[in-house]
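Chemist: This is the structure I want to talk about, given as structure tokens.
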Amino acid sequence: MALIYAVPLWLPLILLPPLLLLFMKKMKAVRQSEQLLPPSPPGLPILGNLHQISSLPHQSMCHLSKKYGPVMLLRLGQIPTVVISSAEAAKEVLKVHDLAFCSRPLLTGAGRLTYNYLDIAFSPYSDHWRNMRKIVTLELFSLKKVQSFRFIREEEVGFLVNSLSESSALAAPVDLTQKVYALVASITFRVAYGLDYRGTNFDRDRFHEVVHDTEAVVGSISADEYIPYLGWIVDWLTGHRAKMERVFHELDTFFQHAIDNHLQPGRKKDQDDMIDVLLTIEKEQTEVGASQFTRDNIKAILLNLFLGGVDTSSLTVNWAMAELVRNPRVMKKVQDEVRKWVGKKGRVTEDDVHQLEYLRMVIKETLRLHPPAPLLIPRETMSHCKVSGYNIYPKTLVHVNVWAIGRDPKYWKDPEEFFPERFLDSSYDFNGQSFEYLPFGSGRRICPGIHMGSITVEIILSNLLYCFDWILPHGLQKEDINMEEKAGVSLAPAKKTPVILVPVNYLQ
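Numbering (the working numbering), first residue to last: 3 to 510.
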């Protein structure tokens, strides 16, 4: 007599979910194979891969790319996003297919369209964008214009050195992070806005807070941008929308105040700052009756100066000093170079820095490990093209992870080691032609402020190294220095902890 085994009714219910999941994964693989899309990690409904992106997205994306490859497709909510993590793929995006990838996504999150100049600042590739780019490159950041502000940089560095000398006399530790930030802010304010950052009528702490809030808002993930129809509720509940409105209202008020000051009759000035130049362009275009350059355009450029001009340079100096203190051999070598060349002059000038080859290697190595924009500025695909054999379709967001490329052992020996000599007799530069090394980007959207940023970092760092020896506060060793990145600042990730050091005068 045959035995008949009854199948429990609950067994299919248990097996159905994993079978459905397996079926969906196979269907997704078939679709990707047919469309030749880049590999993609599994995502969640609605959210896609947003839950896999941490507050330090360049690190999260680097981790995922090690599993899914150097050309990887993520779904950030409803936005398809390709992450590039190899020099070869970066070359295809930034050079071979630069025109197809040179657009920028319009910001559509709640509240952002309230401020027209924000969308001008981050506008897609167009005739208007090219005109704006020409103004910025030729009128504001030309080598001649950058050199004309030399006296401001050297004077402000002198103020910092005098302040540090007072601390040295007391053998008191200083917050070098805060000191350097204030210095770069002073330089930027005088060069761009004609304002005195150290003035008694200026709220420096509030300005510092607005800088960080603005960067966090511009670079943050707004649910309204990634999850249509429902995201605005999330932004409202989390306070993101209110913060966005508040930050840009403060920005608009600040920029308008700066412009109004420049329009006052009889204003005294040593030379034209950047607002003067922009107001002159606006006036000239208005007089010929074909003005495409408006007050919102001026605010858009001021926003870029605001975001790119303060934190990036100060944090590069900050990272460099932290790396040097952790590497006494490199610190001694670069100080010996600076002091041998400058002698007993008492200060390093901009004429001197051009002769300091090892100093520039130190800066290059700092930018390799700590690029100012680890994912560059995101691009949006304008037309269909292929990268590494994969199809990339229009309206796809593209991130180039230069942080990951700069730490890839495929291109760099001992990539986590701070070793400036790797740039000796090297062709790597800031011009965006070496795709293993892209601290300022490449192609049509390469950073226009390379000259300004480079000379600012060079003159500050060289004087810190020439004028002072640097020791850790009592009880600390170089191994105690925390080199973790701080979450929440999107353009140039900061150190999680400030650099606290004791300056010791070199020339008594």
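Quick reminder that beta carbons are idealized off the backbone N, C-alpha and C, glycines included.
Remember, predicted model here, so these are calculated numbers, not experimental data.
Starting from the C-beta of Glu90, find all residues in its chain whose C-beta is less than 8 Å away, skip the five residues before and the five after it, and write them out in chain order.
Modeler: One-based indexing of the sequence shown puts residue 90 at position 88. So the list reads Pro72, Ser390, Phe437, once near-sequence residues are dropped.
Chemist: Assuming Gln287 contacts His130 (C-beta within less than 8 Å), just tell me the rounded distance between them.
Modeler: Taking the first residue of the sequence shown as position 1, residue 287 is located at position 285. Taking the first residue of the sequence shown as position 1, residue 130 is located at position 128. Actually they do not touch by this definition, with Cβ atoms about 13 Å apart.
Chemist: In chain order, what are the residue ranges of uninterrupted beta strand (DSSP E) at least 3 long that sit wholly in the segment 51-90?
Modeler: For the segment 51-90, whole beta strand (DSSP E) runs of length 3 or above, ordered along the chain, are 73-78, 81-86.
Chemist: Starting from the N-terminal side, write out each stretch of the alpha helix (DSSP H) that is 4 residues or longer and does not extend beyond the segment 315-375.
Modeler: For the segment 315-375, whole alpha helix (DSSP H) runs of length 4 or above, ordered along the chain, are 330-344, 352-355, 359-371.
Chemist: Beta strand (DSSP E) containing Lys388: first to last residue?
Modeler: For the purposes of this step, residue 388 is taken as residue 386 along the sequence shown, with counting starting at 1. Unbroken beta strand (DSSP E) run through Lys388: 387-389.
Chemist: May I have the straight-line CA-CA distance separating Ala112 from Asp298, to the nearest angstrom?
Modeler: To locate residue 112, count along the sequence shown from 1; it is residue 110. To locate residue 298, count along the sequence shown from 1; it is residue 296. Residue confidence is low: Ala112 scores 45 on pLDDT, short of 50, so the model does not pin down where it sits. Its coordinate-derived value is still stated next. C-alpha separation (whole angstroms): 19 Å.
Chemist: Inspect the beta-carbon positions of Ala324 and Ile483 and report whether they are closer than 7 Å.
Modeler: Here the question's residue 324 lines up with position 322 in the sequence shown. Here the question's residue 483 lines up with position 481 in the sequence shown. In this structure, Ile483 lies closer than 7 Å to Ala324 by Cβ.
Chemist: Might you give, ordered along the chain, the residues of its own chain that have their beta carbon closer than 7 Å to the beta carbon of Arg152, omitting 5 neighbours on each side?
Modeler: Working through the sequence shown from its first residue, we reach residue 152 at position 150. Same-chain partners within the cutoff: Glu352.
Chemist: Check each candidate in Pro41, Cys64, Ala102 and name the one with the smallest Cα separation from Tyr395.
Modeler: One-based indexing of the sequence shown puts residue 395 at position 393. Ranking the options by Cα distance to Tyr395, first place goes to Ala102.
Chemist: Which residue's Cα is closest to the Cα of Asn306: Met134, Ala496, Lys334, Leu52?
Modeler: Counting from one through the sequence shown, the residue named residue 306 turns up at place 304. Per the Cα distances, Met134.
Chemist: If you draw a straight line from the alpha carbon of Phe191 to that of Leu197, how long is it in whole angstroms?
Modeler: As a working mapping, residue 191 is identified with position 189 in the sequence shown. As a working mapping, residue 197 is identified with position 195 in the sequence shown. Spanning the two alpha carbons is a distance of roughly 5 Å.
Chemist: Exposed or buried, what is Phe161 when buried is set at 16 or more other beta-carbons lying within 10 Å of its beta-carbon?
Modeler: By 1-based counting over the sequence shown, the position of residue 161 is 159. By the neighbour-count rule (16 or more Cβ atoms within 10 Å), Phe161 is not buried but exposed.
Chemist: Which one or two residues does DSSP pair with Asp177 in a beta bridge?
Modeler: The sequence position of residue 177 within the sequence shown is 175, counting from 1. Beta-bridge pairing links Asp177 to Ile502.
Chemist: If you check the beta carbons only, do Met188 and Pro505 fall under 7 Å apart?
Modeler: The residue you call residue 188 lines up with position 186 of the sequence shown. The residue you call residue 505 lines up with position 503 of the sequence shown. For the record, residue 188 in the displayed sequence is Ser; it is not Met. Against a cut-off of 7 Å, the Cβ pair of Pro505 and Ser188 comes out as no contact.
Chemist: What number of angstroms, rounded off, separates the C-alpha of Pro500 from the C-alpha of Leu178?
Modeler: Taking the sequence shown and counting its residues from 1, one reaches residue 500 at position 498. Taking the sequence shown and counting its residues from 1, one reaches residue 178 at position 176. If you take the alpha carbons of Pro500 and Leu178, they lie about 7 Å apart.
Chemist: Asn515 bridges to which residues according to DSSP?
Modeler: Residue 515 lies beyond the range of the chain shown here (3 to 510); nothing can be said about it.
Chemist: What three-state label does DSSP hand Val159 in the structure shown?
Modeler: Taking the first residue of the sequence shown as position 1, residue 159 is located at position 157. Three-state DSSP puts Val159 in a helix.
Chemist: In the DSSP assignment, find the beta strand (DSSP E) that holds Phe470 and state where it starts and stops.
Modeler: As a first step, residue 470 is located in the sequence shown; it is residue number 468 there, counting from the start. Start and end: 470-473.
Chemist: Taking Leu466 as the reference, which of Asp338, Asp410, Lys412 has the closest Cα?
Modeler: Counting from 1 along the sequence shown, the entry for residue 466 is found at position 464. Among Asp338, Asp410, Lys412, the Cα nearest to that of Leu466 belongs to Asp338.
Chemist: What three-state label does DSSP hand Asn507 in the structure shown?
Modeler: As a first step, residue 507 is located in the sequence shown; it is residue number 505 there, counting from the start. Note: Asn507 maps to strand in three-state DSSP.
Chemist: Would you tell me roughly how many angstroms separate the C-alpha atoms of Gln435 and Val249, rounded to the nearest one?
Modeler: Locating residue 435 in the sequence shown gives position 433, where the first residue counts as 1. Locating residue 249 in the sequence shown gives position 247, where the first residue counts as 1. Cα-Cα distance, rounded: 37 Å.
Chemist: Using the Cα positions of Val186 and Pro374, report the straight-line distance between them to the nearest angstrom.
Modeler: The sequence position of residue 186 within the sequence shown is 184, counting from 1. The sequence position of residue 374 within the sequence shown is 372, counting from 1. Cα-Cα distance, rounded: 15 Å.
Chemist: Could you have a look at Val402 and say whether DSSP puts it in helix, strand or coil?
Modeler: As a working note, residue 402 is residue 400 in the sequence shown. Reduced to three states, the DSSP call for Val402 is strand.
Chemist: Give the C-beta separation of Thr216 and Leu253 to the nearest angstrom, bearing in mind that I take them to be a contact with Cβ-Cβ under 8 Å.
Modeler: For the purposes of this step, residue 216 is identified with residue 214 of the sequence shown, where counting begins at 1. For the purposes of this step, residue 253 is identified with residue 251 of the sequence shown, where counting begins at 1. At roughly 6 Å, the Cβ-Cβ gap stays under 8 Å, so Thr216 and Leu253 are in contact.
Chemist: Around the C-beta of Ala174, are 16 or more other C-beta atoms found within 10 angstroms, so that it is buried, or is it exposed?
Modeler: Locating residue 174 in the sequence shown gives position 172, counting from the first residue. Burial call: exposed.
Chemist: Quick check: what's the CA-CA separation for Glu94 versus His372?
Modeler: To locate residue 94, count along the sequence shown from 1; it is residue 92. To locate residue 372, count along the sequence shown from 1; it is residue 370. Approximately 23 Å between the Cα atoms of the pair.
Chemist: Pick from Lys347, Arg362, Lys388, Leu369: whose alpha carbon is nearest that of Pro495?
Modeler: On the sequence shown, residue 495 is found 493 positions in, with the first residue counted as 1. Among Lys347, Arg362, Lys388, Leu369, the Cα nearest to that of Pro495 belongs to Leu369.
Chemist: My output table needs one value for Glu486: the three-state DSSP class, helix, strand or coil.
Modeler: Residue 486 sits at position 484 when you count from the first residue of the sequence shown. In this structure, Glu486 counts as coil in the three-state DSSP scheme.
Chemist: Taking Leu281 and His264 to be in contact with their CB atoms under 8 Å, please state how far apart those CB atoms are, rounded to whole angstroms.
Modeler: Mapped onto the sequence shown, residue 281 falls at position 279. Mapped onto the sequence shown, residue 264 falls at position 262. Confirmed, Cβ separation roughly 6 Å.
Chemist: Quick one: using the 10 Å Cβ neighbour count with 16 as the cut-off for buried, is Ser88 buried or exposed?
Modeler: As a working note, residue 88 is residue 86 in the sequence shown. With 16 or more Cβ atoms within 10 Å of its Cβ, Ser88 is classed as buried.
Chemist: Tell me the residue span of the alpha helix (DSSP H) that contains Ile261.
Modeler: Here residue 261 refers to the residue found at position 259 of the sequence shown. First-last of the alpha helix (DSSP H) with Ile261: 242-264.
Chemist: Which of helix, strand or coil does DSSP assign to Ala112?
Modeler: For the purposes of this step, residue 112 is taken as the residue at position 110 of the sequence shown. Residue confidence is low: Ala112 scores 45 on pLDDT, short of 50, so the model does not pin down where it sits. Its coordinate-derived value is still stated next. Residue state, collapsed to three classes: coil.
Chemist: Can you give the beta carbon distance from Gly311 to Ala194, rounded, assuming they're within the 8 Å contact cut?
Modeler: As a position in the sequence shown, residue 311 is number 309, starting the count at 1. As a position in the sequence shown, residue 194 is number 192, starting the count at 1. With 8 Å as the limit, Gly311 and Ala194 qualify as a contact, their Cβ atoms being about 7 Å apart.
Chemist: Exposed or buried, His356, counting other C-beta atoms within 10 Å across all chains shown (16 or more means buried)?
Modeler: Taking the sequence shown and counting its residues from 1, one reaches residue 356 at position 354. So His356 ends up on the exposed side.
Chemist: Which value, in whole angstroms, describes the spacing of the CA atoms of Ile86 and Gln54?
Modeler: Stepping through the sequence shown from its first residue, residue 86 is reached at position 84. Stepping through the sequence shown from its first residue, residue 54 is reached at position 52. The alpha-carbon atoms of Ile86 and Gln54 are separated by roughly 17 Å.
Chemist: May I ask you to report which of helix, strand or coil DSSP gives Lys97?
Modeler: Here residue 97 refers to the residue found at position 95 when the sequence shown is read from its first residue. Lys97: helix per DSSP, three-state reduction.
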